[in-house]
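So the sequence lines, in the order shown, correspond to chains U and P. Anchor point for the first sequence: position 77 equals 81 in our numbering, and the numbering is continuous, going up by one each time. Anchor point for the second sequence: position 81 equals 83 in our numbering, and the numbering is continuous, going up by one each time. A short write-up of the structure that comes next.
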Amino acid sequence: ETGVTQTPRHLVMGMTNKKSLKCEQHLGHNAMYWYKQSAKKPLELMFVYSLEERVENNSVPSRFSPECPNSSHLFLHLHTLQPEDSALYLCASSPQTSGHSTDTQYFGPGTRLTVL
Amino acid sequence: AQKITQTQPGMFVQEKEAVTLDCTYDTSDQSYGLFWYKQPSSGEMIFLIYQGSYDEQNATEGRYSLNFQKARKSANLVISASQLGDSAMYFCARLNTPLVFGKGTRLSVIA
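What follows is the structure, given as structure tokens:
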């Protein structure tokens with residue numbers, strides 16, 4: 005099993021659709037993250053979960069709704085998105101979110117989202 | 003806001019040569035970690051190397067090494083003996099919850 009998996013790898017949706025992105029980690033980590041990567045912009049942290057509790061939400065619009073049912077799974081529910089939400093969405097996990105500098109984050113392959 | 007600066011949007015290097023990718027950071031923290039990630043065209047972000055601010059030795063991982071100069075707040079990545087498969091985007095990142103990324107450098111290795 006690869007460390008962090010994401011499905012689907014590609015997604016095209018209309019502005020009125022509802023879809024979900026899934027992330028699964030097989031590393032035994034306690035923390036999981038969602039990032040957004042738009043063209044020509046640095047990676048933007050969206051959400052951080054530690055032991056299934058949301059610990060950070062970086063002013064993300066409510067049309068993005070995260071869910072973390074257990075420490076191995078993370079979802080990002082999408083509804084009424086805008087074309088500017090088209091981006092690569094990356095999931096990552098790390099042993100913890102203690103802020104210790106050794107908390108290396110391991111990333112999944114990403115979901116490339118296009119909103120029409 | 004504390005940030006990461008990568009001044010080289012793109013770099014070219016001949017196969018088998020060494021290349022240095024620059025990274026400077028802005029922080030007032032005493033303890034922090036610095037990371038380099040590689041992102042091929044497939045999109046996956048691959049962890050390469052880590053340097054802790056209190057580490058006395060520069061980090062090395064195979065062909066990757068980090069030229070860490072704490073006083074200058076720089077953490078340049080050195081790739082030795084470049085290979086065609088090294089062509090990718092490279093991101094420098096600093097961790098003190100959360101991880102802050104630079105804009106990246108696109109490295110192209112030429113045969």
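The C-beta atom is built at its ideal place from N, Cα and C for all residues, glycine as well.
Of the listed residues P:A113, P:Y56, P:F70, P:Q41, nearest to P:T26 (C-alpha basis): Position 24 of the second sequence, counted from the first residue, corresponds to residue 26 of chain P. Looking at the Cα atoms, P:F70 is the closest of the given residues.
Any 3 or more C-beta pairs closer than 8 angstroms across the segment 106-118 of chain U and the segment 6-19 of chain U: yes
P:V15 and P:L109 closer than 8 angstroms at C-beta: Indexing the second sequence from 1 puts residue 15 of chain P at position 13. Indexing the second sequence from 1 puts residue 109 of chain P at position 107. Going by C-beta atoms, P:V15 is nearer than 8 angstroms to P:L109.
Limits of the beta strand (DSSP E) - the one that P:T21 falls within: Here residue 21 of chain P corresponds to residue number 19 of the second sequence, with the count starting at 1. The amino acid occupying residue 21 of chain P in the given sequence is Val; Thr does not appear at that position. Per DSSP, P:V21 belongs to the beta strand (DSSP E) from 21-23.
Beta carbon of U:W38 nearer than 8 angstroms to that of U:L80: Here residue 38 of chain U corresponds to residue number 34 of the first sequence, with the count starting at 1. Here residue 80 of chain U corresponds to residue number 76 of the first sequence, with the count starting at 1. Yes, these two residues count as a Cβ contact at 8 angstroms.
Contact with chain C by U:P113, beta-carbon distance below 8 angstroms: The structure shown contains no chain C; its protein chains are U and P.
Own chain, CB closer than 8 angstroms to P:N60, minus 5 neighbours either side, in chain order: Counting from 1 along the second sequence, the entry for residue 60 of chain P is found at position 58. Only Q53, S67, L68, N69, F70 meet the Cβ criterion.
Beta-carbon neighbours of U:D107, restricted to chain P and to distances below 9 angstroms: In the first sequence, residue 107 of chain U corresponds to position 103, counting from 1. Within 9 angstroms Cβ-Cβ: G35, L97, T99, L101.
Beta-ladder partner(s) of U:C27, from DSSP: In the first sequence, counting from the first residue as 1, residue 27 of chain U sits at position 23. Looking at the DSSP assignment, U:C27 forms a beta bridge with U:Q10, U:L78.
Between the CA atoms of P:L101 and U:K45 - distance to the nearest angstrom: In the first sequence, the residue the question calls residue 45 of chain U occupies position 41. In the second sequence, the residue the question calls residue 101 of chain P occupies position 99. Their backbone Cα atoms lie some 15 angstroms apart in a straight line.
Coil, strand or helix - P:L86 by DSSP: The sequence position of residue 86 of chain P within the second sequence is 84, counting from 1. Of the three classes helix, strand and coil, the one that applies to P:L86 here is helix, per DSSP.
CA-to-CA distance, P:D24 to P:R74, given in whole angstroms: Taking the second sequence and counting its residues from 1, the one referred to as residue 74 of chain P is at position 72. Taking the second sequence and counting its residues from 1, the one referred to as residue 24 of chain P is at position 22. Their Cα atoms are separated by approximately 12 angstroms.
Span of the beta strand (DSSP E), counted from its first residue to its last, around P:K1: Past the edges of chain P, shown from 3 to 113, lies residue 1 of chain P, and the structure says nothing about it.
Option in P:V21, P:N78, P:M47, P:E46 with minimal Cα separation from P:I6: The residue you call residue 6 of chain P lines up with position 4 of the second sequence. Of P:V21, P:N78, P:M47, P:E46, the residue nearest in Cα terms is P:N78.
Rounded separation between U:V52 and P:L97 - CA only: On the first sequence, residue 52 of chain U is found 48 positions in, with the first residue counted as 1. On the second sequence, residue 97 of chain P is found 95 positions in, with the first residue counted as 1. Cα to Cα, U:V52 sits roughly 14 angstroms from P:L97.
Opening and closing residue of the beta strand (DSSP E) in which P:K40 lies: Mapped onto the second sequence, residue 40 of chain P falls at position 38. Its beta strand (DSSP E) spans residues 35-41.
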